[in-house]
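Colleague: This is the structure I have questions about; it appears just below.
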Amino acid sequence: LNIGLSQGAIASRMVFDPHVSQDLFYGYTGGLMVRFISESQLGIQLEVNYMQRGWLEETKTSGTYKRSQEMLTIPLMTHIYFGRKTKMRFQVTLGPYVGYLLKDAEEIHVADPGEYRDYYGKETARRLEFGFTGGISAAIRTRIGIFELEPRYSHCLTNMFKPGNEEFIYLGSRPHAISLSLHYLVTM
Numbered sequence: 002l003n004i005g006l007s008q009g010a011i012a013s014r015m016v017f018d019p020h021v022s023q024d025l026f027y028g029y030t031g032g033l034m035v036r037f038i039s040e041s042q043l044g045i046q047l048e049v050n051y052m053q054r055g056w057l058e059e060t061k062t063s064g065t066y067k068r069s070q071e072m073l074t075i076p077l078m079t080h081i082y083f084g085r086k087t088k089m090r091f092q093v094t095l096g097p098y099v100g101y102l103l104k105d106a107e108e109i110h111v112a113d114p115g116e117y118r119d120y121y122g123k124e125t126a127r128r129l130e131f132g133f134t135g136g137i138s139a140a141i142r143t144r145i146g147i148f149e150l151e152p153r154y155s156h157c158l159t160n161m162f163k164p165g166n167e168e169f170i171y172l173g174s175r176p177h178a179i180s181l182s183l184h185y186l187v188t189m
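Note that my numbering has the sequence shown beginning at 2, numbered continuously upward.
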């Protein structure tokens, strides 16, 4: 059994259908992790993470839009590692996550009302979301613990806004994120 901490940075954006041009939003991610290795080179990993995500837009002529969100995510992932008796291991994690929206904030600086998009000032349709996440990491095992560096991709399957009706033209509004985290775990 391994218990540890995760700290890192995240780059996120929203995938709209039809497409909306946007810049990446950069934030913080961190949390707690528990890993149980049940078989040779195979285990399960449970995490509870705090995440800052969102997206940024620049309108054609008159301003900017920023949406920032704070999330609590709980991924439950399969953990596979390569390199059984070595100090350095390569690992793969993959699995579903459940997320809960803690805070949702907007900054609207658009002078021309004709450039307002349907979701400006609109509440999210739900606070709960579901998605998949996965990463590839390198781990170094030392006497004082396990140190890992992991890039990870998260793909939400839940639309943030209720899709496609007369008032809302977007058929999809799903958050995507890439993170880079440093993990520290101890063996219990």
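Ideal placement from N, C-alpha and C gives every residue a C-beta, glycine not left out.
Does the distance from the C-beta atom of residue 136 to that of residue 116 stay below 8 angstroms?
Modeller: Start at 1 with the first residue of the sequence shown, and residue 136 comes out as number 135. Start at 1 with the first residue of the sequence shown, and residue 116 comes out as number 115. No, the pair does not count as a contact, with Cβ atoms beyond the cut-off.
Colleague: Going by DSSP in three states, residue 84 sits in which element: helix, strand or coil?
Modeller: Within the sequence shown, residue 84 is the residue found at index 83, counting from 1. It is coil, neither helix nor strand.
Colleague: Measure from the alpha carbon of residue 4 to the alpha carbon of each residue in 12, 86 and 38, then state which is nearest.
Modeller: As a working mapping, residue 4 is identified with position 3 in the sequence shown. Nearest C-alpha to residue 4: 38.
Colleague: Tell me where the beta strand (DSSP E) around residue 188 begins and ends.
Modeller: Residue mapping note: residue 188 aligns to position 187 of the sequence shown, counting from 1. From DSSP, the beta strand (DSSP E) with residue 188 extends over 173-188.
Colleague: Per DSSP, what kind of secondary structure is residue 168 in: helix, strand or coil?
Modeller: For the purposes of this step, residue 168 is identified with residue 167 of the sequence shown, where counting begins at 1. Three-state result, residue 168: coil.
Colleague: Is residue 19 helix, strand or coil when you go by DSSP?
Modeller: As a first step, residue 19 must be located in the sequence shown, where it is residue number 18. Of the three classes helix, strand and coil, the one that applies to residue 19 here is coil, per DSSP.
Colleague: Using CA atoms only, rank isn't needed, just tell me which of 74, 119 and 11 is closest to residue 26.
Modeller: Against the sequence shown, residue 26 aligns to sequence position 25. Measuring from the Cα of residue 26, the nearest candidate turns out to be 11.
Colleague: Let me confirm a value: residue 178 is counted as buried when at least 16 other C-beta atoms fall within 10 Å, else exposed. Which label applies?
Modeller: Here residue 178 corresponds to residue number 177 of the sequence shown, with the count starting at 1. With 16 or more Cβ atoms within 10 Å of its Cβ, residue 178 is classed as buried.
Colleague: Rounded to whole angstroms, what's the CA-CA distance from residue 9 to residue 2? Just pull it up for me.
Modeller: Taking the sequence shown and counting its residues from 1, one reaches residue 9 at position 8. Taking the sequence shown and counting its residues from 1, one reaches residue 2 at position 1. Cα to Cα, the separation comes out at about 23 angstroms.
Colleague: Distance check for residue 88 and residue 53, CA to CA, integer angstroms please.
Modeller: Counting from 1 along the sequence shown, the entry for residue 53 is found at position 52. Counting from 1 along the sequence shown, the entry for residue 88 is found at position 87. So the alpha carbons of these two residues sit roughly 33 angstroms apart.
Colleague: Exposed or buried, what is residue 20 when buried is set at 16 or more other beta-carbons lying within 10 Å of its beta-carbon?
Modeller: Taking the first residue of the sequence shown as position 1, residue 20 is located at position 19. Exposed, because fewer than 16 other Cβ atoms sit within 10 Å of the Cβ of residue 20.
Colleague: If you draw a straight line from the alpha carbon of residue 84 to that of residue 180, how long is it in whole angstroms?
Modeller: Residue mapping note: residue 84 aligns to position 83 of the sequence shown, counting from 1. Residue mapping note: residue 180 aligns to position 179 of the sequence shown, counting from 1. So the two alpha carbons sit approximately 24 angstroms from each other.
Colleague: Which two residues bound the contiguous beta strand (DSSP E) that contains residue 44?
Modeller: As a working note, residue 44 is residue 43 in the sequence shown. Segment 43-59, the beta strand (DSSP E) holding residue 44.
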